[in-house]
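Below: one structure, written as structure tokens.
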Amino acid sequence: MLQEWPWLEFGCLLPALGALLLFRVRRAEHARRMASWIGSATLAATLIAWRNWELQPQHVPAWSISAWLGVPRALELDALSTPLVPLAALLFLLTALATPMTKVRRFSFARMLASEALLLATLACREPWGVVALLAASTVPPWFELRARHRPTRVYALHMGLFVVLLAGGWAAVNAAGPHGDVPWWTWLPVLLAVAVRSGIVPLHCWAADLFDRATFGTALLTLIPMPGAYAAIRLLLPAAPEWVLHAMAAVSLATALYAAGMALVQTEARRFFCYVCLSHSALVLAGLEAVTPLSLTGALCVWLSAQLGLAGFGLALRMLEARHGRLLFTSFHGLYDNTPTLAACFLLAGLASVGFPGTFGFLGSELLIDSTVHGFPYIGLAAVLVAALNGIAVLMAYFRLFGGTRHSMGVALGMRFRERFAVLALLAAIMGGGLYPQGGIVDRHRASRSLLQVRHEIQASRALFVKRALRKGEN
Amino acid sequence: MNLDALARPLALTIVSAPACLVLLLGGACLVERPLSERAASRAAGLANGVGLMATLALTVLLLGQGRGRLAVDVGQWVALAEYQFHVKLLADRLSLAMAALSFLLCGVVGAFAARYLHREPGYQRFFVLYAVFMLGMAVTSLAGTIETLFAGWELVGLSSALLVAFFHERPAPVYNGLRVWVVYRLADAALLTAAVVLHHVRGHGDFEVLLGSAAWPSGRTLLAAPHCLTVGLLLVGTAAGKSALVPFSGWLPRAMEGPTPSSAVFYGALSVHLGAFLLLRFAPLLERAPLVCWLVVALGLITAGFAALAARVQADIKSALAFGSLTQVGLIVAEIGLGLRWLALAHLIGHACLRTLQFVRAPNLIHDYHTLENAVGEHPDHLGRSSPAPGPVRLWWYRFALERGYLDSLLTDYVARPVLSVLRFCDRMEHAWTNFLAGSRSLPSDRLLPPPLHMDQPS
Chain A
591 MLQEWPWLEF
601 GCLLPALGAL
611 LLFRVRRAEH
621 ARRMASWIGS
631 ATLAATLIAW
641 RNWELQPQHV
651 PAWSISAWLG
661 VPRALELDAL
671 STPLVPLAAL
681 LFLLTALATP
691 MTKVRRFSFA
701 RMLASEALLL
711 ATLACREPWG
721 VVALLAASTV
731 PPWFELRARH
741 RPTRVYALHM
751 GLFVVLLAGG
761 WAAVNAAGPH
771 GDVPWWTWLP
781 VLLAVAVRSG
791 IVPLHCWAAD
801 LFDRATFGTA
811 LLTLIPMPGA
821 YAAIRLLLPA
831 APEWVLHAMA
841 AVSLATALYA
851 AGMALVQTEA
861 RRFFCYVCLS
871 HSALVLAGLE
881 AVTPLSLTGA
891 LCVWLSAQLG
901 LAGFGLALRM
911 LEARHGRLLF
921 TSFHGLYDNT
931 PTLAACFLLA
941 GLASVGFPGT
951 FGFLGSELLI
961 DSTVHGFPYI
971 GLAAVLVAAL
981 NGIAVLMAYF
991 RLFGGTRHSM
1001 GVALGMRFRE
1011 RFAVLALLAA
1021 IMGGGLYPQG
1031 GIVDRHRASR
1041 SLLQVRHEIQ
1051 ASRALFVKRA
1061 LRKGEN
Chain B
31 MNLDALARPL
41 ALTIVSAPAC
51 LVLLLGGACL
61 VERPLSERAA
71 SRAAGLANGV
81 GLMATLALTV
91 LLLGQGRGRL
101 AVDVGQWVAL
111 AEYQFHVKLL
121 ADRLSLAMAA
131 LSFLLCGVVG
141 AFAARYLHRE
151 PGYQRFFVLY
161 AVFMLGMAVT
171 SLAGTIETLF
181 AGWELVGLSS
191 ALLVAFFHER
201 PAPVYNGLRV
211 WVVYRLADAA
221 LLTAAVVLHH
231 VRGHGDFEVL
241 LGSAAWPSGR
251 TLLAAPHCLT
261 VGLLLVGTAA
271 GKSALVPFSG
281 WLPRAMEGPT
291 PSSAVFYGAL
301 SVHLGAFLLL
311 RFAPLLERAP
321 LVCWLVVALG
331 LITAGFAALA
341 ARVQADIKSA
351 LAFGSLTQVG
361 LIVAEIGLGL
371 RWLALAHLIG
381 HACLRTLQFV
391 RAPNLIHDYH
401 TLENAVGEHP
411 DHLGRSSPAP
421 GPVRLWWYRF
431 ALERGYLDSL
441 LTDYVARPVL
451 SVLRFCDRME
461 HAWTNFLAGS
471 RSLPSDRLLP
481 PPLHMDQPS
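Sequences listed follow chains A and B, in order.
Heads up: the first sequence runs through residues 591 to 1066, numbered per our numbering.
Heads up: the second sequence runs through residues 31 to 489, numbered per our numbering.
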């Protein structure tokens, strides 16, 4: 019975409808509560869709919303997107749940749900043009937020405009050569640059720090943590791009991972610090995609998942602190440990999980990435080691700055509320559970990497055959 | 019942006893239902006792069967067609000795801390970190693969750094904790790089494959000499960071900011010896690289000489004991470099026990001195002899020792500061570029900033 319903489409449609509904809701607390319920329903729908896919991957539901609307079916799960879609839904739900009272007036839940709908649709879309269109559309809600907050939008608009133009133009150029065409080398360049802009690859990363500085923390988190740039790389570049494109991407990504990890050490403000930690992780995931072997790809996909979970917990903890304390500067100690010991522990654990500390899911992901790249691409493994070391230092530095160094005396209680504790502990349970029993997660990512590489090999083989035939025709 | 069938549950008990303690104490704190002081210390004592008993039983079992080593394959943590992550524990003379020592000293210090930290606000935090440390020591001691060893190594490092910053309401312990963490992370990076290189050349991190299947201290590696040199140098770097050998010695006196029980068990007894343990574990590999062996001897002797000098001018007992520890660690490392493995192990165990006793007695030192003065009838300082060196030389050495060999300043001025300066310059450029693009004078975060406080600020 459950298998005949289009749960994935429900999952994408619910937040979209919720966004339309919430645009009319004026009471902030009411909007937060509704967003939480809609987020919960979305998460449930995506989990059911995942379960259905696991039971029968080839099964098509008896009826679908797209068929009812008379448009072609565009959304479907595959091995790559199965955990990513529910994970994204979970991330949005926990962000809504953990939004403190002091922030509900400034944080737009309607825009959050609109972003969620677009992100879920992107992650569930396999059609390249669909991915391009959805990625382009997902750049809009943060821009509206900057406008609504009367903040300069130019940095964001310039970079995202560039991203959309490069992505759409580049993909049109790649497609113009036909499915088997011998694409000139430069046609891949715009797509590569578009991925670099969206992933915050140096020197095209300034928009990310600017967004963290000017937008609400929640919006910035939800824009960066799901790493849609890596998804674009997997859907658009990985299947058909020549080796040199992937090598170039890996080289700039490694440089970015190291640079961002270093920059996180010298940040004097918590949001920017978090932004650089995010950029470092997303760059490391991109670098891991280069060595197109099943194991390295599995490692990169595992790091992607673990970094998302770890960074989500880390970011939410930071957001909760900011809600209680205002903008957090690293130029002085805050000494908040005694006021919020559980939040301090969650902050530290999530931060360490994001850098692959033993006992967390990230540990195995990093191990896999390093082990698998050590033969063909040892520099990726060595860079990953350095990045983990630097990010680990940055995490503990932030922890000490925020929770130590002095005793914070405040008349009001700063402890976590139930919703907040639930959000952070749920993420920690996922991180630790994945660390103690990683087999399921890693087998799943291995299956995804195999299916991605199979597609790549098929395309490469058909292209080689096409070129051979063309040469033979030329000789005749 | 055969040996293997008994050994597996015993080896698992050694690791799982502290793991259960971590889950119990850590989980209770996370859900904000901490155990009472008595319950926490009893749970720690129980985990310690179970771990120690299991270690002793495994030792007796091995000795009874006349076997020098036993590899316990716990199972595959992850198994794919092309990749397996084996969790393997190794019970031999070195690992069991280290595990027994860890449980014994942790037990003593746990009992001491239960009274010493009574009604201290961070009591629960201390015992959570203590449990993490014990777990790290158990995993590191019994590790049968370099990946397992690395996991334990990291846990030891994290708990140590957090315990240095135990009194986190003051800035100095926090600076010092961060300093210790930075050195540890760099040392960890060297260890992980060594693991990467070993995987690259042998495709395995299994000690049986890398170091041969003969019982410790025998063993012969099949790695080629150049590989042994590379891995050996990385391991020496790791050991130098963890055991505070020159030039990383500066973190050891800083680590004394922590409470006395943690100073005793971590920096006096166990953590500071982990570098020596690592070198002992990889001794067959070092043997194939004579250059590394000589480097180890030189590093050990230089550290011992430097620490002996610095210990003489310390004004507080914990710093003096820290440098005293370092002197002995330097000698142990030199013994390893000379191939005297049994001597080094015996030295390590004896020194760890003695130093724990000295550290836990340290808070009573003034009382002890009063007793001594009453017995002798004069101030004990008058009994010492002055140095025979001429005045200017003596003054120079005195300054050198007082400044702890200028090692911290050298690392800060010539390593950390240049790197941070470059990064800060890049940060300023980024701010300028973003402001230029935005057409605004400054980012919101710029407007909030007072003059920066750097992570390399002296304590």
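We put the beta carbon where it would ideally sit given N, CA and C, even for glycine.
Quick caveat: nothing in here was measured; it's all calculated off a predicted structure.
Quick one: what does DSSP say residue i is sitting in, helix, strand or coil?
i: A/Asp803; result: helix
i: A/His924; result: coil
i: B/Ala121; result: strand
i: B/His229; result: helix
i: B/Ser489; result: Annotation note: pLDDT 38 at B/Ser489 (below 50); position unreliable, no value reported.
i: B/Glu177; result: helix
i: A/Leu919; result: strand
i: B/Arg434; result: helix
i: A/Leu836; result: helix
i: A/Glu859; result: strand
i: A/Leu827; result: helix
i: A/Leu610; result: helix
i: A/Leu879; result: coil
i: A/Arg1035; result: helix
i: B/Leu275; result: coil
i: A/Asp961; result: helix
i: A/Arg696; result: coil
i: B/Asp34; result: helix
Is the Cβ-Cβ distance between residue i and residue j less than 9 Å?
i: B/Glu62; j: B/Phe197; result: no
i: A/Ala860; j: A/Leu919; result: yes
i: A/Val875; j: A/Val985; result: no
i: B/Gly262; j: B/Leu192; result: no
i: B/Ser292; j: B/Leu82; result: no
i: B/Val231; j: B/Val52; result: no
i: B/Leu185; j: B/Gly166; result: yes
i: A/Tyr989; j: A/Leu906; result: no
i: A/Ser896; j: A/Ala943; result: yes
i: A/Val536; j: A/Leu844; result: What is shown of chain A runs 591 to 1066, which leaves residue 536 of chain A out entirely.
i: A/Trp775; j: A/Gly760; result: no
i: A/Ala784; j: A/Ala822; result: yes
i: A/Thr636; j: A/Val675; result: yes
Using a Cβ-Cβ cutoff of less than 7 Å, which residues in the same chain neighbour residue i once the five nearest sequence positions on both sides are dropped?
i: B/Leu131; result: Ile379 and Ala382
i: A/Arg1040; result: Pro884
i: A/Arg1059; result: none
i: A/Met853; result: Tyr866
i: B/Trp107; result: Phe115 and Val117
i: A/Ser886; result: Gly878, Leu959, Ser962 and Thr963
By Cβ distance below 8 Å, which residues in the same chain neighbour residue i in space, the five residues on each side in sequence not counted?
i: B/Ser439; result: Glu433
i: A/Trp733; result: Thr743, Tyr746, Ala747 and Met750
i: B/His148; result: Glu67
i: B/Asp486; result: With a pLDDT of 47 at B/Asp486, under the threshold of 50, the modelled position of this residue cannot be trusted; read the value that follows with caution. Thr442, Ala446, Arg447 and Leu450, listed in sequence order.
So is the beta-carbon of residue i under 8 Å away from any non-hydrogen atom of the ligand FAD?
i: B/Ser171; result: The ligand FAD is absent from the structure shown, which contains no ligand whatsoever.
Kindly give me the distance between the Cβ atoms of residue i and residue j, rounded to whole angstroms, as I take these residues to be in contact under 8 Å.
i: A/Ala686; j: A/Arg622; result: 6 Å
i: B/Leu325; j: B/Val266; result: 6 Å
i: B/Thr357; j: B/Ala338; result: 5 Å
i: B/Ala225; j: B/Gly235; result: 6 Å
i: A/Leu633; j: A/Ala679; result: 4 Å
i: B/Trp246; j: B/Leu331; result: Wrong, their Cβ atoms sit about 24 Å apart, outside the cutoff.
Which residues does DSSP pair with residue i in a beta bridge?
i: B/Gly105; result: B/Val117
i: B/Asp457; result: Per DSSP, none; premise fails for B/Asp457.
i: B/Phe63; result: Per the sequence presented here, residue 63 of chain B reads as Arg, with Phe not at that position. Note: B/Arg63 sits in no beta bridge, so no partner.
i: A/Cys1147; result: Shown here, chain A extends from 591 to 1066; a query on residue 1147 of chain A therefore has no answer.
Ordered along the chain, which non-local residues of its own chain (more than five positions away) have a Cβ less than 6 Å from that of residue i?
i: A/Ala609; result: Ala700, Leu703 and Ala704
i: B/Val390; result: Phe142 and Ala294
i: A/Cys865; result: Ala798, Ala799 and Phe802
i: A/Thr729; result: Met750
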